[in-house]
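K.L.:
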Amino acid sequence: MPGYRPPAQTRLGCIVERCQQTTLTYLVRTFVKARGQLLLARQKRRARDVERVQDEVLRSIVAGYRGTELGDALGLGEVWSSAAFKERVRINDYERLRPWIRKQLEQGGMVVSRSEPVAYNVTSGTTGEPKYLPVTRQTLRWTRDAQMLTAYGLLQSCPGVLDGKILGIVSAPCERYSPRGVPIGSKSGQVYENVGFALRSKYVVPPSVFGIDDYVLKYLLVLRLALMHRDVTYIQTANTSTLSVIAELMNEHWDELLSDLAHGGFFRWDELPAQVQRNVIDILVPFPARAHELRRIEKERSPATPLRLADIFPALRAVGCWKSGSAGIFLQRAALEFDATTALRDVGYIASELHGTTPVNGDGTDAFPTFENVYFEFVPRKQWDTGERHAEQTFGLHQLTVGQQYYVLITTTDGLVRYDMNDILEVTGYYHGLPTLRFVQKGSGVTNLTGEKLSEHQVVRAVAQLEAEQQLRSVFYLMVADERAGRYRLYYEPVSDSRAQVERFLKSYSGRLDKYIAFGNIEYAQKRQSNRLQCVEICSLQPGTFERFRQHWVATGRREGQFKIVALRHRWEAGFPFESFVAATPALHIAPRTTSLAVP
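Under our numbering, think of the first position of the sequence shown as 59, with each following residue one higher.
#1: For the beta strand (DSSP E) containing I596, list its first residue and its last residue.
#2: Would you list the residues sitting across from K223 in a DSSP beta bridge?
#3: Quick one, are the C-beta atoms of Y582 and E510 less than 8 Å apart?
#4: Once you ignore the five residues that flank A642 on each side, which residues in its own chain have a CB closer than 7 Å to its CB?
#5: Assign W442 to buried or exposed, taking buried as 16 or more other Cβ atoms, counted over all protein chains shown, within 10 Å of its Cβ.
#6: Taking just the CA atoms, how far does A349 sit from F639?
#7: Kindly provide the ranges of any beta strand (DSSP E) runs that are 3 or more residues long and lie completely inside the stretch 285 to 363, ordered along the chain.
#8: Compare the C-alpha of V108 against each of V518, T494, P231, H287 and name the closest.
#9: Looking at S266: is its Cβ nearer than 8 Å to the Cβ of S244?
#10: Can you tell me which of the three DSSP states S215 falls into?
#11: Helix or strand or just coil, what does DSSP make of Y273?
#12: Quick one: what's got a C-beta closer than 8 Å to V405's C-beta in the same chain, skipping five residues either side?
#13: Below 7 Å CB to CB, which residues in the same chain sit around A520 once its five sequence neighbours on both sides are set aside?
#14: Need the endpoints of the alpha helix (DSSP H) that G129 sits in, please.
#15: Do you know offhand how far R336's Cα is from R156's?
#16: Is DSSP giving V405 helix, strand or coil here?
#17: Got a sec, what are the start and stop residues for the beta strand (DSSP E) D540 sits in?
#18: Taking the alpha carbon of Q600 as the reference point, which residue from S554, R375, W630 has its own alpha carbon closest?
#19: Taking 6 Å as the limit between beta carbons, can you name the residues of its chain near G445, skipping five residues before and five after?
#20: Could you say which of F453, P192, Q457, G461 lies nearest to L467 if we only look at CA atoms?
#21: Are the Cβ atoms of V253 and Q205 separated by less than 8 Å?
#22: Run through the DSSP bridge pairs and tell me what T469 is partnered with.
#23: Sorted by chain position, which residues of the same chain lie with C-beta nearer than 7 Å to N45's C-beta, five sequence neighbours on each side aside?
#24: Where do the N-terminal and C-terminal ends of the alpha helix (DSSP H) with P569 fall, by residue?
#25: Span of the alpha helix (DSSP H) holding A256?
#26: Starting from the Cα of A558, find the closest Cα among Q529, A539, G569, T400 and give me that residue.
#27: Roughly how many angstroms separate the alpha carbons of A393 and Q609, rounded to a whole number?
#28: How long is the line joining the alpha carbons of L389 and A398, rounded to whole angstroms?
Set out below in C-alpha cells:
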C-alpha cells in the first residue's frame with residue numbers, strides 16, 4: 059500500500075471500540091428478537107389454514123402477470139383458481155421460459171413482470187448457457203424477512219451467536235450489468251449486499267471483496283480481514299468445501315498474513331481491483347496485539363498440526379452451511395476445523411430461483427416453506443421417476459405425507475411459473491400446521507457435489523468435444539460424481555482401435571475434458587478454480603465392461619427393452635462395480651488454483 063500507513067490501534071481506541079460493539083450487539087439482538095417474534099407469530103397464525111393462504115398467494119401472483127407478455131403467452135388471464143391453473147398451465151423448465159426472460163433482460167418493459175427487476179441471479183443451466191433469474195424489489199424484501207426469521211431461530215438455539223462479528227463468504231454480488239444497467243450476479247452475493255442494517259453492521263468483509271475474480275486472492279483478503287477479529291461468533295457460507303480451502307490457504311500463507319496484521323496492509327495489495335482497494339484501505343490497520351495472540355496460539359500447537367479455524371476464532375458459536383444432500387460429504391471434512399461445541403446449522407433450502415425454506419430446529423435440517431410468497435406444488439418422487447407427470451395432478455403443502463419424498467414445482471412473482479426445480483425434498487414433520495422440508499438431492503440427470511449442478515447434457519457435450527478433438531470412439535461411458543473424492547470420474551470403454559491411444563494419454567485427456575466441462579458450466583469452472591472440485595479423472599474400462607453392465611442390469615429383474623444409458627450418476631447410484639473393471643487410470647491430476655479453465 060504505497061504511500062499509506064494506517065494508524066495502529068491504541069489501547070484507548072480498543073476500549074472505545076469495545077464499548078461501541080457492546081452497544082451495537084445489544085441493539086442488534088433486541089431488533090432481531092423483536093422482528094423475528096413478529097414474523098414468526100404471523101407465520102404461525104397463517105399456517106392454521108395453509109391451503110387458503112396458498113390459494114391467495116397464487117391469485118396474487120397470477121394477477122401480477124396479467125398484462126405481461128409472459129402472462130399472456132401462458133394464458134394466465136383466464137386463470138382464477140388453483141384447479142384452473144393446474145389444468146391450463148403446463149409445467150415449465152427454464153428453457154421454455156428463457157425467451158421471455160432474455161427479452162426482459164435485454165429490452166426491459168412488462169415482459170415477465172410489471173415492475174422492472176432490480177437484479178438478476180445467474181447460475182449454471184442444463185444446456186451450458188447460464189440461467190438469468192429476475193429479482194424484483196418485493197422479492198428482496200421477502201428474502202430479508204426470511205433471513206430475519208433464520209437469524210431469530212439461530213439466536214434462540216445458539217444464544218450469543220450474534221454477540222460478535224459475522225464472517226460471511228459468498229459469491230460475487232455483481233459480475234456484470236445487463237444492457238439496461240441491471241446488476242447480474244449470484245444470489246448469495248446480492249442477498250449479502252442487501253441485508254438489513256442490523257446484520258450488515260456485524261459483517262467483517264465488505265461486499266465488493268467477493269467480486270475479485272482470482273479466488274486465491276479473494277480468500278486471502280477475506281482471511282486478512284477476518285483475522286483481525288477474535289470475536290467472530292458466526293460463519294456462514296453455502297459450501298462447506300469453501301471453509302476447507304480457506305483453512306488450507308490460512309496455513310499456507312500464515313506468516314504473510316500475520317506480518318500484515320502486525321504492520322498493516324496486505325501483502326498482495328497491488329493485485330486488488332481499485333474499487334476493492336478504496337473499500338478496504340481504512341480497514342487494514344495494524345493490530346499487533348492480535349498478531350501476537352495468533353503467534354502464541356501457533357507456538358502452542360505441534361508443528362505438524364495445521365491450525366484450525368476454531369483456533370483463531372475462539373468465540374465461534376455456530377456455522378451456517380448446506381448440510382443436506384451431497385453437501386454432507388464435504389461437511390465431514392469441514393467439521394474438523396471446529397470444536398464439538400460449535401453448532402453446524404443448515405441454512406435451509408435456498409437456490410438461485412428462490413429462498414425456499416426457513417430453518418426451525420436446532421441444526422436447521424427441518425425447515426418450513428416460505429408459503430406466504432411462493433406457490434408450491436409437489437409430485438411424489440416414485441410417480442415422477444416413472445414418467446407419470448400429469449400437470450393437473452400435483453399436491454399442495456396441505457396434502458403432503460411425512461416421510462415421503464417429492465419433486466417440487468414453484469410459481470413466483472419473478473417469471474417462474476410452474477417451474478420444475480428438479481429438486482427432491484422430503485417431508486420431515488409438521489410445525490404449527492406447516493410441513494417441514496429437507497433437501498434430499500437434485501433430480502435425475504443432474505449431480506451436485508458443491509454447487510456446480512452438472513447436467514447430463516453438459517457431460518455428453520464435453521465428451522463429444524473431446525472425442526472429436528482427439529478422434530476417439532467409445533463403446534460406452536458413464537460420468538460418476540464421487541462425493542468422497544470431491545471430483546468427477548469418467549468410466550470410459552474405448553473401441554478397440556482407440557484403446558492404446560486413450561490409455562497412453564489418460565492424464566492429458568482428463569485435463570482436456572475438465573476444461574470442456576468448465577467451458578460449458580460456469581459454476582463448475584468456479585469450483586475448479588477455487589479447488590473445491592478436483593480435476594475430472596478418466597478411467598479406461600476393460601473390453602466387454604458395457605456388456606457385463608447390461609447383463610447385470612437385466613439380472614436385477616428389469617426388462618431388457620427398458621435398458622437406458624444414463625451418462626451421469628452419483629457414485630452411489632451407479633449400481634455396478636465399475637472400479638473392478640478399470641484397465642488404466644491416470645496419475646492424480648490436480649490443476650493449480652490459478653490455472654485458467656478456458657478452452658482454447
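Positions of the beta carbon are idealized from the N, C-alpha and C atoms, including for glycine.
P.N.:
Let me lay it out:
#1: In the sequence shown, residue 596 corresponds to position 538, counting from 1. Note, I596: beta strand (DSSP E), 595 to 599.
#2: Here the question's residue 223 lines up with position 165 in the sequence shown. Paired residues: V290.
#3: Taking the sequence shown and counting its residues from 1, one reaches residue 582 at position 524. Taking the sequence shown and counting its residues from 1, one reaches residue 510 at position 452. Going by C-beta atoms, Y582 is nearer than 8 Å to E510.
#4: In the sequence shown, counting from the first residue as 1, residue 642 sits at position 584. E561, L564, S598, listed in sequence order.
#5: For the purposes of this step, residue 442 is taken as residue 384 along the sequence shown, with counting starting at 1. When all chains shown are included, W442 counts as buried.
#6: Within the sequence shown, numbered from 1, the residue matching residue 639 stands at position 581. Within the sequence shown, numbered from 1, the residue matching residue 349 stands at position 291. Cα-Cα distance, rounded: 54 Å.
#7: 290 to 294
#8: As a position in the sequence shown, residue 108 is number 50, starting the count at 1. Answer by Cα proximity: T494.
#9: Numbered from 1 along the sequence shown, position 208 holds the residue referred to as residue 266. Numbered from 1 along the sequence shown, position 186 holds the residue referred to as residue 244. Not in contact: S266 and S244 (Cβ atoms no closer than 8 Å).
#10: By 1-based counting over the sequence shown, the position of residue 215 is 157. Note: S215 maps to helix in three-state DSSP.
#11: The residue given as residue 273 occupies position 215 in the sequence shown. Reduced to three states, the DSSP call for Y273 is helix.
#12: As a first step, residue 405 is located in the sequence shown; it is residue number 347 there, counting from the start. Excluding sequence neighbours, V405 sits near T208, Q294, A296, G378, C379, W380, P417, G422.
#13: Indexing the sequence shown from 1 puts residue 520 at position 462. Hits under 7 Å: L571, Y574, I575, G578.
#14: As a first step, residue 129 is located in the sequence shown; it is residue number 71 there, counting from the start. Where G129 is concerned, the enclosing alpha helix (DSSP H) stretches over 127 to 132.
#15: Taking the first residue of the sequence shown as 1, we reach residue 336 at position 278. Taking the first residue of the sequence shown as 1, we reach residue 156 at position 98. Answer to the nearest angstrom: the Cα atoms are 38 Å apart.
#16: In the sequence shown, the residue the question calls residue 405 occupies position 347. Note: V405 maps to coil in three-state DSSP.
#17: Numbered from 1 along the sequence shown, position 482 holds the residue referred to as residue 540. Looking at the DSSP string, the run of the beta strand (DSSP E) that includes D540 is 532 to 540.
#18: Numbered from its first residue, the sequence shown carries residue 600 at position 542. The shortest C-alpha separation from Q600 is found at S554.
#19: Looking up residue 445 in the sequence shown gives position 387. Excluding positions up to five away in sequence, the list is empty.
#20: For the purposes of this step, residue 467 is taken as the residue at position 409 of the sequence shown. Nearest of F453, P192, Q457, G461 to L467, Cα basis: F453.
#21: Position 195 of the sequence shown, counted from the start, is the residue given in the question as residue 253. Position 147 of the sequence shown, counted from the start, is the residue given in the question as residue 205. A contact, by the Cβ cut-off of 8 Å.
#22: Taking the first residue of the sequence shown as position 1, residue 469 is located at position 411. T469 is bridged to Y433.
#23: An answer regarding residue 45 cannot be provided, because it is not within the stretch 59 to 658 covered by the chain.
#24: Residue 569 sits at position 511 when you count from the first residue of the sequence shown. Sequence inspection shows Gly at residue 569; the Pro mentioned does not correspond to that position. 564 to 578 is the span of the alpha helix (DSSP H), which, as asked, contains G569.
#25: Sequence index remark: in the sequence shown, residue 256 carries index 198 (1-based). Segment 255 to 258, the alpha helix (DSSP H) holding A256.
#26: Stepping through the sequence shown from its first residue, residue 558 is reached at position 500. Closest by alpha carbon: Q529.
#27: Here residue 393 is taken as the residue at index 335 of the sequence shown, counted from 1. Here residue 609 is taken as the residue at index 551 of the sequence shown, counted from 1. Approximately 41 Å, taken between the alpha carbons.
#28: For the purposes of this step, residue 389 is taken as residue 331 along the sequence shown, with counting starting at 1. For the purposes of this step, residue 398 is taken as residue 340 along the sequence shown, with counting starting at 1. Using only the alpha carbons, I get a separation of about 13 Å.
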